[in-house]
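Peer 1:
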Amino acid sequence: MKHVLLLLAALAAGAGAAAQPKPDGKTLFARNCAACHQLDGRGIPGAFPALATSPVVVGAANEAAEVLLKGRGGMPAFSGSLDDTEIAEVLTYARSSWGNRAGAVSGPEVQARRSALGVAPPTRSRFGNKH
Amino acid sequence: MNGSTLALALTRREFLHRAAAVGGSALLLNTMNAWGIGIASRVTAPPALSGSGKGKKVVVLGAGLAGLSAAFELRKLGYEVQVLEARPFAGGRCQSARKGFALQELGGEAQQCRFDDGHYINHGPWRIPLDHQSTLYYTRLFDVPLEVMVNENDHAFVYLEDGGPLSKQRLRGAQIKADMRGHVAELLAKSVQGHQLDAALGADDQMLLLDYLRREGALESGDLAYKGRNGRGYAVNPGAGLMPGAGTPSDPLAFRDLLAAKVGKVYSAVQDFPMHATMFQPVGGMDAIPRAFARRLGGAIRYNAEVQRITQNADKVTLDIRDAASGKLSSVQADYCLCTVPLSVLRMIDSNFSDGFKAAIKAVPYAPVGKIGLQMRRRFWEEDDHIYGGHVLTDIPGINTISLPSSGWQQRKGVLLGYYHYALDAIEVSALSLQERTELALAAGEKIFPGYRSDFESAFSVAWHRVKYSLGGWAEWNDAARQNAYPALLEGEGRVMLAGEHLSYLTGWQAGAIESSWQQIERLHRRASA
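Protein chains in written order, with this note's numbering: chain A, 2 to 132; chain B, 40 to 569.
(1) From L249 of chain B to A264 of chain B, what does the alpha carbon distance come to, in whole angstroms?
(2) Consult DSSP for D359 of chain B and reduce its assignment to one of helix, strand or coil.
(3) Could I get the ranges of all uninterrupted beta strand (DSSP E) runs contained in the region 74-127 of chain B, with 3 residues as the minimum, in chain order?
(4) Mind the definition here: the region 500-507 of chain B touches the region 405-417 of chain B only if three or more C-beta pairs lie below 8 Å; say whether that holds.
(5) Is the shortest distance between the beta-carbon of R32 of chain A and the beta-carbons of chain B less than 8 Å?
(6) Helix or strand or just coil, what does DSSP make of Q558 of chain B?
(7) Give a yes or no on contact between the region 206-214 of chain B and the region 235-242 of chain B, applying the rule of three or more CB pairs nearer than 8 Å.
(8) Considering only the beta carbon of each residue, do F30 of chain A and A95 of chain A sit closer than 8 Å?
(9) Based on Cα-Cα distance, which residue from B:E532, B:S556 and B:M536 lies nearest to S543 of chain B?
(10) Is there a Cβ from chain A that is less than 8 Å from the Cβ of L145 of chain B?
(11) Determine the direct distance from the alpha carbon of L145 of chain B to that of K507 of chain B, and round the result to whole angstroms.
(12) Going by the DSSP bridge assignment, what does L252 of chain B pair with across the sheet?
(13) What residues in the region 53-79 of chain A bring their beta carbon closer than 9 Å to a beta carbon of chain B?
(14) If we call anything under 8 Å between Cβ atoms a contact, is H460 of chain B one with I438 of chain B?
(15) To the nearest angstrom, report how far apart G323 of chain B and I215 of chain B are at their CA atoms.
(16) Could you check the C-alpha separation between T379 of chain B and Q151 of chain B for me, to the nearest Å?
(17) Please list the terminal residues of the continuous alpha helix (DSSP H) segment that includes G108 of chain A.
(18) Please confirm if A121 of chain A has its CB atom under 8 Å from at least one CB of chain B.
(19) What residue range does the beta strand (DSSP E) around K367 of chain B cover?
(20) Hey, is the region 51-69 of chain A in contact with the region 474-493 of chain B, meaning 3+ C-beta pairs nearer than 8 Å?
(21) For G412 of chain B, which of helix, strand or coil comes out of DSSP?
(22) Flag Q112 of chain A as yes if its beta-carbon sits less than 8 Å from any beta-carbon of chain B, otherwise no.
(23) If the cut-off is 9 Å on Cβ atoms, which residues from the region 397-414 of chain B count as contacting chain A, listed in chain order?
(24) Show which residues of chain A have a CB atom less than 8 Å away from the CB atom of P164 of chain B.
(25) At least one CB of chain A closer than 8 Å to the CB of G547 of chain B: is that the case?
(26) Does any residue of chain A bring its CB to less than 8 Å from the CB of S383 of chain B?
(27) Tell me the rounded alpha-carbon separation between D277 of chain B and S289 of chain B.
(28) H171 of chain B by DSSP, collapsed to three states: which one?
(29) Look at G547 of chain B and E540 of chain B and say whether their C-beta atoms are less than 8 Å apart.
(30) Residues in the region 495-525 of chain B with C-beta within 8 Å of chain A's C-beta atoms, listed in sequence order?
(31) Please list the terminal residues of the continuous alpha helix (DSSP H) segment that includes S383 of chain B.
(32) Can you name the start and end residues of the beta strand (DSSP E) that E496 of chain B belongs to?
(33) How many Å lie between I560 of chain B and L142 of chain B at the Cα?
(34) Based on the DSSP output, what are the partners of D389 of chain B in its beta bridges?
(35) Can you name, in chain order, every residue of its own chain whose Cβ lies under 6 Å from the Cβ of G72 of chain A, other than the five neighbours on each side?
(36) Does any residue of chain B have a CB that is nearer than 8 Å to the CB of A89 of chain A?
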């Protein structure tokens, strides 16, 4: 229940103007990634790749950023829902957790990759009527 | 001069302009449809194929709508068809949850639907538009009874939590539609009258526009003011005698309040294609369609057949299979394979596809999508609020829409759709436990309908990106993947061809799956007949 209240608060912060502290990489990971890749980064064999021991995660920062910006292999793009700082935060968390030892990624690095790929800024759009 | 010669001399756009000028919109639409850039799904029946598939075997991977329609059509041509389906039932993502239906998401808890007998939720596809004549071809052919699905209901609520002066009010769609049109019409009409549009419109057109605006916006004929209209609803409805007698008209919402509320973020009077005010649903659940196919295909579908490896050589395709129930391993050979497995799943299956083809399979993201069905002990939306079907639109985080059922009118209980969301909402909510998802849905619904929580009985939720054998709601193409991967995937490789909603521009629709199969079996048949 506490989890859901935190989420509601976080969702409300996204929708409204109320200033809330920016979530850190770990929080962003729990909210945006863990449903599939699991909190321990081990994924689910046959479905969701492990991020622990993943060469993509600890590889070149701009390539890891590209995976989040454009989506890949069944994973959705996060370019519309996370800004460059948030993508950097969550990448930095994944690159330094579960035994991974790769360097931090900065917001400007993600921003540069976003503009090089021609990916639009986040709209954070949540409403729609599809299918 | 025929169209293509002319089109070479002109740009396509110029040609369309001229086609419209000469032949009106009908010629324009025909021309666009002939070029494959029309707006309607043009295919209304399976391809009429000649020749025979006798003596040739095709293995179809997946008993979703793509696999089922391919198998059904290929068998008519005489092919020996075997469908391998990993689940113990047919339908793929086309599922209806009713009492006893079990679904355990990957990384999630076991879940069994506990709705009362006769109640269900279409947690997969749930509405069929008139444009999808391919889907309607099979419902007609198989005598699957349809009923109207109310997809737009002006009487349903628009509830904005963050709507400025209109926050936390149960607005009706009809009020917003009438008042926004009325206010905008008034403003525009007064601008015409004040000569502010003289540069844009000649005197005759100004008169025509004023005439239109008076009717469309229900403006007073004298001062062109919008003072409300009965289509937005009465404060007290008219009735018998003196009380309520003629009833009491309602006052319009103020223009500035509507603007400040930013109603447009959840509300539009015109929906995107192919949404219509009324759509169709099979009586008793969308899975009536795959069930109708499965009855006709009988033993041609092998259930619990989880494909582990796809290999091919110049002569044969071999599918290595694990029986999901017994764990037993086996293999099947065929001359051709039509693979309808979602790309999000196919990418994890071992194969001897070329590196290029594997890369194309991996290039396509899938949409995170979530739904929750909530059984209510009382149809309070009908009994108290007189809402019969349609969607409640809201900006309450994580919900997107609450949809009221289009069947079982005036019965005692009902199952409503408590949220239907995509993208970040779907991802975030999928990280919650089943109980937390239910709590999120109930907390939101309670704000709009008093008693929502106390009338709640049981829930069934799905996050499609976590569903084994699906791993996503639908393919969500980006421009680069459409350009690079799409042609390669359409082509297939060797004796394996692909089909499914992912290989269409009708992604996420059953029609996309069916029409993709219709196209691909034509190509497969041509290849097999060569």
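C-beta: ideal position from N, C-alpha, C; glycine also. Quick caveat, the model's predicted, so the values are computed rather than measured.
Peer 2: So, from the data block:
(1) As a working note, residue 249 of chain B is residue 210 in the second sequence. As a working note, residue 264 of chain B is residue 225 in the second sequence. Taking the straight line from one Cα to the other gives about 12 Å.
(2) Position 320 of the second sequence, counting from 1, holds the residue named residue 359 of chain B. It is a strand residue.
(3) 96-100 and 119-123
(4) yes
(5) Mapped onto the first sequence, residue 32 of chain A falls at position 31. With 8 Å as the cut-off, R32 of chain A counts as an interface residue toward chain B.
(6) Taking the second sequence and counting its residues from 1, one reaches residue 558 of chain B at position 519. Q558 of chain B falls in the helix class under three-state DSSP.
(7) no
(8) By one-based count along the first sequence, residue 30 of chain A stands at place 29. By one-based count along the first sequence, residue 95 of chain A stands at place 94. Contact flag set, yes.
(9) Residue 543 of chain B sits at position 504 when you count from the first residue of the second sequence. Nearest of B:E532, B:S556 and B:M536 to S543 of chain B, Cα basis: B:S556.
(10) Locating residue 145 of chain B in the second sequence gives position 106, counting from the first residue. Cβ-Cβ to chain A under 8 Å: yes for L145 of chain B.
(11) Walking along the second sequence from the start, residue 507 of chain B turns up at place 468. Walking along the second sequence from the start, residue 145 of chain B turns up at place 106. Rounded to the nearest angstrom, the two C-alpha atoms are 6 Å apart.
(12) Residue mapping note: residue 252 of chain B aligns to position 213 of the second sequence, counting from 1. Its beta-bridge partners do not exist; DSSP assigns none.
(13) K71, G72, R73, G74, G75, M76, P77, A78 and F79
(14) Taking the second sequence and counting its residues from 1, one reaches residue 460 of chain B at position 421. Taking the second sequence and counting its residues from 1, one reaches residue 438 of chain B at position 399. Cβ atoms of H460 of chain B and I438 of chain B: closer than 8 Å.
(15) The residue you call residue 323 of chain B lines up with position 284 of the second sequence. The residue you call residue 215 of chain B lines up with position 176 of the second sequence. Computed Cα separation, rounded: 33 Å.
(16) Here the question's residue 379 of chain B lines up with position 340 in the second sequence. Here the question's residue 151 of chain B lines up with position 112 in the second sequence. C-alpha separation (whole angstroms): 27 Å.
(17) Working through the first sequence from its first residue, we reach residue 108 of chain A at position 107. Segment G108 to L118, the alpha helix (DSSP H) holding G108 of chain A.
(18) Walking along the first sequence from the start, residue 121 of chain A turns up at place 120. No, A121 of chain A lies away from the interface with chain B (no Cβ there is under 8 Å from its Cβ).
(19) Indexing the second sequence from 1 puts residue 367 of chain B at position 328. That residue, K367 of chain B, is in no beta strand (DSSP E); it is neither H nor E in DSSP.
(20) no
(21) In the second sequence, residue 412 of chain B corresponds to position 373, counting from 1. Correct three-state label for G412 of chain B: strand.
(22) Residue mapping note: residue 112 of chain A aligns to position 111 of the first sequence, counting from 1. For Q112 of chain A, the answer is no, since every Cβ of chain B falls outside 8 Å of its Cβ.
(23) I400, K401, A402, V403, P404, Y405, A406, P407 and V408
(24) As a working mapping, residue 164 of chain B is identified with position 125 in the second sequence. The answer, in chain order, is H132.
(25) Sequence index remark: in the second sequence, residue 547 of chain B carries index 508 (1-based). Yes, G547 of chain B lies at the interface with chain A (some Cβ there is under 8 Å from its Cβ).
(26) Within the second sequence, residue 383 of chain B is the residue found at index 344, counting from 1. Taking Cβ atoms only, chain A reaches closer than 8 Å to S383 of chain B, which makes this a yes.
(27) To locate residue 277 of chain B, count along the second sequence from 1; it is residue 238. To locate residue 289 of chain B, count along the second sequence from 1; it is residue 250. Going by the sequence as given, residue 277 of chain B is Pro instead of Asp. If you take the alpha carbons of P277 of chain B and S289 of chain B, they lie about 12 Å apart.
(28) The residue you call residue 171 of chain B lines up with position 132 of the second sequence. Three-state result, H171 of chain B: coil.
(29) Residue mapping note: residue 547 of chain B aligns to position 508 of the second sequence, counting from 1. Residue mapping note: residue 540 of chain B aligns to position 501 of the second sequence, counting from 1. Contact: yes.
(30) A502, H504, R505, K507, L510, G511, G512, W513, E515, N517 and A519
(31) Start at 1 with the first residue of the second sequence, and residue 383 of chain B comes out as number 344. Counting along the chain, the alpha helix (DSSP H) containing S383 of chain B begins and ends at L382 to L385.
(32) In the second sequence, counting from the first residue as 1, residue 496 of chain B sits at position 457. Unbroken beta strand (DSSP E) run through E496 of chain B: F495 to A502.
(33) By one-based count along the second sequence, residue 560 of chain B stands at place 521. By one-based count along the second sequence, residue 142 of chain B stands at place 103. Taking the straight line joining both Cα atoms gives about 32 Å.
(34) Stepping through the second sequence from its first residue, residue 389 of chain B is reached at position 350. BP columns for D389 of chain B point to B:R348.
(35) For the purposes of this step, residue 72 of chain A is identified with residue 71 of the first sequence, where counting begins at 1. Within the same chain, G72 of chain A has close Cβ partners A78.
(36) Numbered from its first residue, the first sequence carries residue 89 of chain A at position 88. By this cut-off, A89 of chain A is not an interface position.
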